[in-house]
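*Asks:* Letter 209 of the sequence shown, counting from 1, is numbered 209 in UniProt numbering, and no numbers are missing. The C-beta atom is built at its ideal place from N, Cα and C for all residues, glycine as well.
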Amino acid sequence: MINKKKELGRLLVATRDLEVDDLILTEAPLVLGPKQETEPICLGCYRRVSGKYRCSRCTWPLCGPKCEVSPDHQPECDVTKAAGVTISIDDTDGGPHHLYEVITALRCLVFAGREPKRWRTCAERFNTRYLQQGAGWPQHRHNQELVVNVLRDRFRLHQYPGVDGSEAAIHTVLGLLQINQVPTKTSYSEVQALYPMASLASHSCMPNTKPVWKDGKLTLRASDPIKRGEAITFIYTDILWGTRARRDHLRQTRLLTCSCQRCADPTELNTYFSALLCRRCGNNVLPTSPLDDYDPWTCESCSSQISVEEVLRTNLALGAAVEVALAKPSIPSLEALQQEWTPRVHTNHYHLHAVKHSLLQLYGRSKEKASDQEKDAAHWIEIAKKEKSCKEFLTVCSRLDPSTAQTIPFVGLTFYEYHKTILQSAQKHFAQNKLTTQQLKKRMLLSKALLKKAMEIFKHEEEDTPEGQLYVTCEQEVIRIGKWMLAVGLV
Ligand SMILES: [Zn+2]
Ligand SMILES: [Zn+2]
Ligand SMILES: [Zn+2]
Ligand SMILES: [Zn+2]
């Protein structure tokens with residue numbers, strides 16, 4: 001399954017034709033640990049910690065005594081105790097804490113010392129793009145200061161028996177992690193992991209696999225049909241960002257330049273996800289050559305141009321406004337933002353797409369549980385807007401991620417919200433004698449079908465995650481609708 005291509009290094013390819021949902025691999029991580037930048041989390045189970053409980057052996061914050069003996073935690077526990085370091089992490093509300101930057105690198109180095117053969121076999125296959133970067137680049141300086149110096153000066157890693165704690169070894173491991181780590185879901189937070197095989201999957205903004213984590217193992221299934229000989233791909237950036245944002249992010253984090261079909265398409269698969277609007281004629285302004293970072297953008301109809309600088313400025317300003325509004329979302333503030341920006345950017349623009357997802361949850365919520373009499377005209381206006389937002393949101397997502405494998409929380413939740421609009425308006429219109437029994441039945445079945453769609457999307461999610469919980473809610477709602485239909489004589 002591993003092939004070597006000159007320009008890409010090693011990559012995974014399918015050795016037979018694969019259908020949707022076909023199993024590609026199941027494997028445990030070689031090494032798993034916190035992301036390099038993370039808030040204080042338990043080093044045994046990765047849930048957020050307050051800092052009140054500390055490991056009795058090593059003083060790293062944990063969630064409780066159980067996690068002191070977690071196998072994951074042993075490497076740093078041993079090294080910290082041996083070095084006699086006392087960990088003081090006081091500010092546990094203040095965002096990422098720099099001391100966590102050392103953990104996963106330390107775990108890799110301890111693993112490499114304990115199982116040198118297994119480590120070497122895998123590490124040799126991993127991508128080493130970072131080696132070409134040299135000591136001058138900012139990430140190298142950052143790593144030197146916050147990982148290499150800390151591991152050597154504070155944790156005395158180079159004196160720990162059986163571990164290569166040299167500067168070169170630490171930098172090598174950090175580089176391998178940066179390029180080859182797979183963002184990995186645990187029950188409580190996202191961490192990073194190196195996998196013997198999955199870490200070799202190449203990137204695409206239109207990935208063909210769906211990762212699921214269970215009991216510490218990654219299972220990779222095909223999310224699209226994959227032909228024999230085709231690359232098995234993963235997405236290492238946010239599928240719901242516009243092309244320039246994704247490509248910049250990939251270049252910074254993975255040191256790779258993506259030229260996939262979506263990146264090369266000015267319309268981004270007909271979504272107009274990054275399009276601005278022309279100041280002269282109001283039509284779409286799109287990148288003239290999307291894979292060229294400096295080419296100006298051109299209006300589709302009048303050919304007037306916008307410089308790349310102006311495009312970036314617009315995206316930055318809109319992104320900042322959206323970030324502020326989403327920190328404390330309310331219908332008036334989000335609608336005001338939409339109104340302010342829709343004359344300047346396409347209504348599907350990725351920043352407005354995020355606003356839409358927030359709005360579609362807020363619409364109709366205040367009177368959701370109210371009786372029919374209490375649901376006033378304003379409520380029904382919100383329900384109509386909710387339905388429209390759900391449809392638009394789902395249309396765009398279905399083009400960017402047809403299998404929904406990468407957008408499970410967003411798309412699943414939207415199907416759930418969508419069912420509410422159909423259900424509420426059907427019941428209202430029936431009560432007002434505006435629907436025949438047959439029409440009502442049709443709407444109720446549609447509402448149920450939307451819930452089943454959400455359940456299908458959430459079916460592999462663990463029960464203790466928000467998505468797993470929503471699966472249960474949908475299940476109950478299907479039963480409730482069934483009972484209601486029975487009660488009014490629809491079945
Ligand atoms: Zn824990
Ligand atoms: Zn410990
Ligand atoms: Zn791409
Ligand atoms: Zn124009």
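(1) Which runs of the alpha helix (DSSP H) fall wholly inside the stretch 399-431 and span at least 4 residues, in chain order?
(2) Closer than 7 Å by C-beta to Leu-220: which residues in its own chain qualify, once you throw out the five before and the five after it? Chain order, please.
(3) I think Ile-457 touches Gly-412, with their Cβ atoms under 8 Å apart; what is that distance to the nearest whole Å?
(4) Pick from Thr-128, Val-102, Ala-28: whose alpha carbon is nearest that of Arg-156?
(5) Just to confirm, is the Cβ distance from Pro-409 to Leu-362 under 8 Å?
(6) Considering only residues of the same chain and omitting the five flanking positions on each side of Glu-7, which have a CB-CB separation below 7 Å?
(7) Return the CA-CA distance between Thr-267 and His-142, expressed in angstroms with no decimal places.
(8) Whole-angstrom Cβ separation of Ile-331 and Leu-359, contact assumed at under 8 Å?
(9) Secondary structure at Ser-333, three-state DSSP: helix, strand or coil?
(10) What's the gap between the Cα of Gly-242 and the Cα of Val-79?
(11) State the Cα-Cα distance for the pair Val-49 and Leu-99, rounded to the nearest angstrom.
(12) Got a sec, what are the start and stop residues for the alpha helix (DSSP H) Gln-261 sits in?
(13) Given the structure, does Arg-254 come close to ligand 3, in the sense that its CB is under 7 Å from one of the ligand's heavy atoms?
(14) Kindly examine ligand 1 and report whether one of its heavy atoms sits closer than 7 Å to the Cβ of Gly-33.
(15) Near Val-191, what residues of its chain come up, given a Cβ to Cβ distance below 7 Å and the 5 sequence neighbours on each side ignored?
(16) Measuring straight from C-alpha to C-alpha, what distance separates Pro-116 and Glu-145?
(17) Quick one: does the C-beta of Arg-344 sit closer than 7 Å to a heavy atom of ligand 1?
(18) Going by beta-carbon coordinates alone, are Glu-164 and Ala-83 separated by less than 8 Å?
(19) Thinking C-beta only, is Leu-286 closer than 8 Å to Thr-298?
(20) Starting from Val-182, trace the beta strand (DSSP E) both ways and give me its first and last residue.
(21) Tell me whether Ser-403 counts as near ligand 3, meaning its Cβ is closer than 7 Å to at least one heavy atom of that ligand.
*Replies:* Looking at the coordinates:
(1) Within the stretch 399-431, the runs of alpha helix (DSSP H) at least 4 residues long that lie entirely inside it are, in chain order, 408-431.
(2) Taking C-beta separations shorter than 7 Å and ignoring five residues to either side along the sequence, the partners of Leu-220 in its chain run Ile-24, Leu-25, Ala-198, Thr-209, Pro-211, following chain order.
(3) The pair is a contact, with the Cβ atoms about 4 Å apart (cut-off 8 Å).
(4) Between Arg-156 and the set Thr-128, Val-102, Ala-28, the nearest pair of CA atoms involves Val-102.
(5) Cβ atoms of Pro-409 and Leu-362: not closer than 8 Å.
(6) Residue placement at Glu-7 is flagged as unreliable, the pLDDT there being 44, under the threshold of 50; a coordinate-derived value is accordingly withheld.
(7) Near 37 Å, if we compare the C-alpha coordinates of His-142 and Thr-267.
(8) Contact holds; Cβ gap of about 7 Å.
(9) In this structure, Ser-333 counts as helix in the three-state DSSP scheme.
(10) Rounded to the nearest whole angstrom, the CA to CA distance from Gly-242 to Val-79 is 43 Å.
(11) In this structure, the CA atom of Val-49 is about 14 Å from the CA atom of Leu-99.
(12) Where Gln-261 is concerned, the enclosing alpha helix (DSSP H) starts and stops at 261-264.
(13) No, ligand 3 has no heavy atom inside 7 Å of this Cβ.
(14) Result no, Cβ not under 7 Å from ligand 1.
(15) Excluding residues within five positions, the ones whose Cβ falls inside 7 Å are Leu-32, Gly-33, Pro-34, Lys-35, Tyr-46, Thr-184.
(16) In this structure, the alpha-carbon of Pro-116 lies about 27 Å from that of Glu-145.
(17) No, since every heavy atom of ligand 1 falls outside the 7 Å radius drawn around the Cβ of Arg-344.
(18) For the record, residue 164 in the displayed sequence is Asp; it is not Glu. No; because the gap between Cβ atoms is not below 8 Å, this pair is not in contact.
(19) Yes. Within cutoff.
(20) Residues 182-185.
(21) No; taking the cut-off as 7 Å, the Cβ of Ser-403 has no heavy atom of ligand 3 nearer than that.
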